[in-house]
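Down below is the structure, laid out as structure tokens.
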Amino acid sequence: MTDSDDFAIERREILLRRIGHELLLQSGDSTSRVLPIKKNAEYEYQISFENDLTFQTDSLVNTTQRLLAKDPLADDYVVKVLNSSNSSVAYGYAISKNKKDDIVACRGRKQPRASYMINIKFKSSSINTAKNEFLLGGLPFLVLVGFIFLKSAKPQKTLPDGQNTDLLTLGSVLFDAKNRKLMINGKTIDLTATETRVLLIFALSPNETIERSRLQKEIWEDEGVIVGRSLDMFISKLRKKLEFDPEVKILNIRGKGYKLTISS
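Right under this line is the structure:
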């Protein structure tokens with residue numbers, strides 16, 4: 056383990072607390088505590104809560120994936136939601152660096168309010184270190200292969216098979232793209248079809264600048280309609296509907312486009 060690995064593991068515990076915090080907000084609880092993170096084993100952690108909560112399975116999966124993407128050592132992990140009373144497994148799933156190896160079941164189901172604990176077990180970081188050493192040894196070859204692919208490949212606009220975009224978590228906001236709704240602290244805000252399409256592009260690329268030309272093409276020009284100020288109007292409407300969470304903002308990037316920022 057290197058010093059950077061030790062720092063990443065310390066940072067991991069903060070990310071785990073953030074997962075607990077967002078789940079409480081999604082459950083409509085903005086006051087009770089996330090209890091101290093417990094380390095059950097070298098690579099296994101437990102998140103527990105002061106009060107009972109309820110959760111949507113898709114929201115839990117999306118929240119853990121989004122936040123643990125910031126952990127450089129969290130390529131592969133297993134999540135189990137346990138009933139506090141008897142440690143029985145209420146829900147579980149596995150996330151892999153290779154997305155086609157993900158195991159996620161029972162999507163779209165809301166779990167009853169109860170006392171839960173969340174166990175997250177990470178794959179040994181020594182495996183990741185060995186992978187890094189192998190990759191560094193083959194770096195010249197990878198650079199050559201990458202150059203060839205960059206020359207020949209075109210960006211894909213389609214999403215990977217199996218990626219669920221019906222429910223996405225944006226800070227404490229739950230974005231239901233299928234039903235065109237935003238949900239926060241028990242409140243539901245309706246979206247128009249166009250607002251949903253614009254927000255979905257941002258939600259799939261948080262904290263990244265989205266060019267105006269891309270938004271105009273994917274939302275309107277592909278349907279044979281070219282717009283100018285209409286885009287600014289829809290951005291303004293979305294900002295008002297997201298203002299309930301101050302950590303979620305759509306910023307204007309001068310001369311380029313817009314960026315959906317989600318504060319950590």
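In my numbering, the protein residues as written are 56 to 319. Idealized CB from N, CA, C, for every residue including glycine. Note that the structure is predicted; figures quoted are calculated from it, not measured.
Integer Cβ distance of residue i from residue j, believed to fall under 8 Å
| i | j | result |
| --- | --- | --- |
| residue 122 | residue 173 | That belief does not hold up - the Cβ atoms of residue 122 and residue 173 are roughly 12 Å apart, past 8 Å. |
| residue 292 | residue 250 | 6 Å |
| residue 139 | residue 171 | 6 Å |
| residue 274 | residue 290 | Contact doesn't hold; Cβ gap of about 11 Å is too wide. |
| residue 237 | residue 296 | 6 Å |
Buried or exposed (CB count within 10 angstroms, at least 16 for buried), residue i
| i | result |
| --- | --- |
| residue 308 | exposed |
| residue 117 | buried |
| residue 69 | exposed |
| residue 77 | buried |
| residue 62 | exposed |
| residue 158 | exposed |
| residue 113 | buried |
| residue 129 | buried |
| residue 288 | exposed |
| residue 310 | exposed |
Residue i vs residue j beta-carbon contact at 9 Å
| i | j | result |
| --- | --- | --- |
| residue 111 | residue 164 | yes |
| residue 126 | residue 67 | yes |
| residue 268 | residue 312 | yes |
| residue 317 | residue 240 | no |
| residue 104 | residue 137 | no |
| residue 168 | residue 107 | yes |
| residue 253 | residue 270 | yes |
Any non-hydrogen atom of the ligand NAP closer than 8 Å to residue i Cβ
| i | result |
| --- | --- |
| residue 255 | Looking at this structure, you won't find the ligand NAP or any other ligand, since it has none at all. |
Could you check whether the stretch 249–267 touches the stretch 221–230, counting it as contact only if at least three pairs of C-beta atoms, one from each stretch, sit closer than 8 Å? yes
Take every Cβ of the stretch 86–100, pair it with every Cβ of the stretch 239–249, and state whether three or more of those distances are shorter than 8 Å. no
Report yes or no: do three or more beta-carbon pairs, one from the stretch 124–133 and one from the stretch 85–94, lie closer than 8 Å? no
So, do the stretch 79–87 and the stretch 140–149 have three or more beta carbon pairs nearer to each other than 8 Å? no
What are the complete beta strand (DSSP E) segments, minimum 3 residues, inside the stretch 236–295? 236–239, 242–245, 264–266
What ranges does the alpha helix (DSSP H) occupy inside the stretch 114–193, keeping only unbroken runs of at least 4 residues that lie completely in it? 180–192
Going residue by residue through the stretch 64–94, where are the continuous alpha helix (DSSP H) segments of at least 4 residues, counting only ones entirely within it? none
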